[in-house]
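Working notes for the structure below.
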Amino acid sequence: MALPTRPRSTTRSLAALATAVVLTLTGSSTTTAAAPGTQRLSGTLPDGATWIADVPENWNGTLIVFSHGFGVTVAQNAPSEAVRLRLLEEGYALTGSSYDTSETLWALESAERDQLATLEAVTAKIGEPTRTLSIGQSMGGLVNARLARSGAGGIDGALGLCGLVAGANDLENYQLDAEYTIARLLLPDTPVKLVGFASQAEATATAQQLTAAVTAAQETPQGRARIALAAAYLNLPAWAPGKERPAADDWAGQQAQQYDWFARGILAFVEGGRYHIEKALGGNNSWNKGVDYARVLSASQHAPLVKAMYKEAGLDLRADLTNLTRNATITASPSAVATAERTSSAGQGLAVPLLDIHTTADDLVPAEQETRFAARVRASGDAPQLRQAYVDRTGHCTFTVAETVAALHALEHRVNTGHWGAAATAGALQTAALQLNLDGAAYVPYRPANLTIGRRL
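Residues -34 to -1, 1 to 423 (mature numbering (1 follows the signal peptide of the UniProt record, and there is no 0)) are what the sequence shown spells out, left to right.
Below, the structure is given as structure tokens:
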């Protein structure tokens, strides 16, 4: 088909669990073929990253660049095949790169550069779009937020899906608090390597140790109380997939559903991710020396749950918190922290409008990350550019096609009019999503708690 042109302007089982979690996080990594009536373009960037683009014959002039999540090593241009087909049907051109993942799957050093180079390569072939929008999912949501911060590449607006917008330093620190709690309280006499992984095998071994400890601990009241404490530090939802949401005062039910997340293999993802992040940053970027674990817990939305479980178990919560605080000796590499701040942080400003959507019970990238991100954006003075909306569902990136497309249309409203109005409210998004008559929607008014982290903003 002829392209529409526009004038240019210048352990085996645990490893299997880890793989499953990565695929849940990012979607399938297989390359999709062009849809009927669509031209597929592709290329390779100087750093070896590849890119793809789909241009429908009814191109509406909008080019969308998609930033994929952690674990994907091939180019993707949409969060799912169903979303890709719907957007092509509506006339959007879609593009995205693989990033340079030759050294590490945490490819934040190259991702922003590769996405901008992809836009340049694609527009060289199809002409300048009338509008360029960015969409990012999970780790790609962090890439997306960075693109929105700079506005580079002619990007006019951005949509974040389940984005890891708190950044790598926050991620590794609150995950360390949970790992350390499990190791210190459930494996007090067993050496457990928590940071400084030299290989994926070391990370897998740690995941095995910690997961086995949690599994055994769930059998006793004392163990369940300590799992609840670790889950609070991990910002883990108390609502798991396939289960009825526990009542607000159903402490046992909430703890059981937090345990379900551990049983699903979340620690395999946490440790595997830590290895790749450390490799990308050149060292460990997390620390707990000087952290007051009682103070950190006091700010957690799950503190009442933890206190109730400790009371039921007859355990001294204060003693455990003192134990954690007094024995916290892990320090970070200053250069790794600085590199993470340079390559893997966002929220220090927004050059273009950004709409973030998140599920309310996300285990891998908790919705509380959005609160942390919004605080940074407010501090920058760019809060009017940001809107955040929530879908009442468990899981990471478990949006329907309708929810995703409705959010994109809301972003377009902001770009077109210069004002958000009510377009990004839960009610408007829910109505718009249902009117698409696709696969349903569950937008709700929601405000996440603060991220439990205990480090400065």
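A virtual CB, placed ideally from N, CA and C, is assigned to each residue, including glycine.
With 16 other Cβ atoms within 10 Å as the buried cut-off, status of residue i
i           : result
LEU423      : exposed
GLY(-8)     : With a pLDDT of only 45 at GLY(-8), under 50, the local geometry of the prediction cannot be trusted, and no value is derived from it.
THR96       : exposed
ASP405      : exposed
ALA(-17)    : Residue placement at ALA(-17) is flagged as unreliable, the pLDDT there being 43, under the threshold of 50; the coordinate-derived value follows with that caveat. Per the 10 Å Cβ criterion, buried.
ASN293      : exposed
VAL(-13)    : Confidence is the limiting factor: at VAL(-13) the pLDDT is only 43, short of 50, which leaves the residue's position unreliable and the question unanswerable from this model.
ALA234      : buried
PRO411      : exposed
ASN251      : buried
ARG284      : exposed
ARG112      : buried
residue 448 : With the chain represented from -34 up to 423, any question about residue 448 goes unanswered, as that position is not in the structure.
GLU210      : exposed
ASP155      : exposed
ALA302      : buried
Within 9 Å, strictly: CB atoms of residue i and residue j
i           : j      : result
ALA355      : PRO203 : no
ARG380      : LEU321 : yes
VAL272      : ALA191 : yes
GLY107      : SER33  : yes
residue 463 : THR360 : Nothing about residue 463 can be read from this structure; the chain reaches only from -34 to 423.
GLY384      : GLY347 : no
VAL158      : ILE296 : no
ASN110      : GLY57  : no
ALA265      : GLY133 : no
TYR259      : GLN166 : no
THR418      : TYR140 : yes
ILE148      : ILE193 : yes
LEU402      : ALA372 : yes
ALA144      : ALA196 : yes
PHE36       : SER104 : yes
ARG353      : ALA390 : yes
ARG230      : ASP329 : yes
Unbroken alpha helix (DSSP H) run spanning residue i, endpoints
i      : result
PHE339 : 334 to 346
ALA1   : That residue, ALA1, is in no alpha helix (DSSP H); it is neither H nor E in DSSP.
ARG359 : Element bounds for ARG359: not the alpha helix (DSSP H) but the beta strand (DSSP E), 352 to 360.
LEU402 : Segment: none, LEU402 is in no alpha helix (DSSP H) and carries neither H nor E.
ALA269 : 269 to 279
ILE193 : 187 to 199
ILE148 : 134 to 152
Candidates the options: closest to residue i by CA position
i      : options                        : result
ARG6   : ALA191, LYS277, LYS91, GLY315  : LYS91
SER100 : ARG50, PRO2, ILE148, VAL31     : VAL31
GLU185 : TYR225, ASN382, ALA124         : TYR225
GLY219 : ALA274, GLY249, GLY102         : ALA274
THR370 : ALA349, LEU400, ASN382         : LEU400
ALA306 : ALA246, ASN24, SER346          : ALA246
ALA41  : THR67, SER299, GLN166, PHE235  : THR67
GLN267 : PRO212, PHE228, TYR199         : TYR199
ALA408 : LEU374, THR366, LEU29, THR156  : THR366
LEU142 : SER8, GLU69, GLY239            : GLY239
THR84  : ALA111, ALA114, ASN43          : ASN43
ALA171 : TRP217, GLU237, ALA398         : GLU237
PRO350 : GLY35, ARG338, ALA317, GLU145  : ALA317
ILE323 : ARG284, VAL357, LEU290, THR291 : VAL357
PHE339 : HIS362, SER311, THR364         : SER311
GLY313 : ALA388, ARG115, GLY189         : ARG115
GLY3   : GLU55, LEU125, LEU290, GLY126  : GLU55
THR98  : ALA345, VAL88, ASP136          : VAL88
ALA1   : GLU47, GLY14, THR10, ALA298    : GLU47
GLU69  : THR177, GLY14, GLY93           : GLY14
LEU152 : GLY189, LEU125, GLU138, THR10  : GLY189
ASN416 : GLY393, ASN201, ASP329, LYS209 : ASN201
Element boundaries [beta strand (DSSP E), containing residue i]
i      : result
VAL262 : Note, VAL262: premise wrong, no beta strand (DSSP E); alpha helix (DSSP H) at 259 to 264.
PRO22  : 16 to 22
ARG97  : 97 to 103
ILE323 : 320 to 327
Chain E contact for residue i (CB, 9 Å cutoff)
i      : result
MET105 : The structure shown contains no chain E, having only a single protein chain.
Exercise. Counting pairs of beta carbons, one from the segment 18 to 28 and one from the segment 59 to 72, are three or more of them closer than 8 Å?
Worked result: yes
Problem set entry | Contact the segment 240 to 260 vs the segment 70 to 81: 3+ CB pairs below 8 Å | yes
Exercise. Is there contact here, the segment 333 to 340 with the segment 277 to 291, by at least three beta-carbon pairs under 8 Å?
Worked result: no
Exercise. At a cut of 8 Å, does the segment 169 to 185 reach the segment 253 to 262 through at least three beta carbon pairs?
Worked result: no
Exercise. Is there contact here, the segment 42 to 51 with the segment 221 to 235, by at least three beta-carbon pairs under 8 Å?
Worked result: Between the segment 42 to 51 and the segment 221 to 235 there are fewer than three inter-stretch CB-CB distances shorter than 8 Å, so the stretches are not counted as touching.
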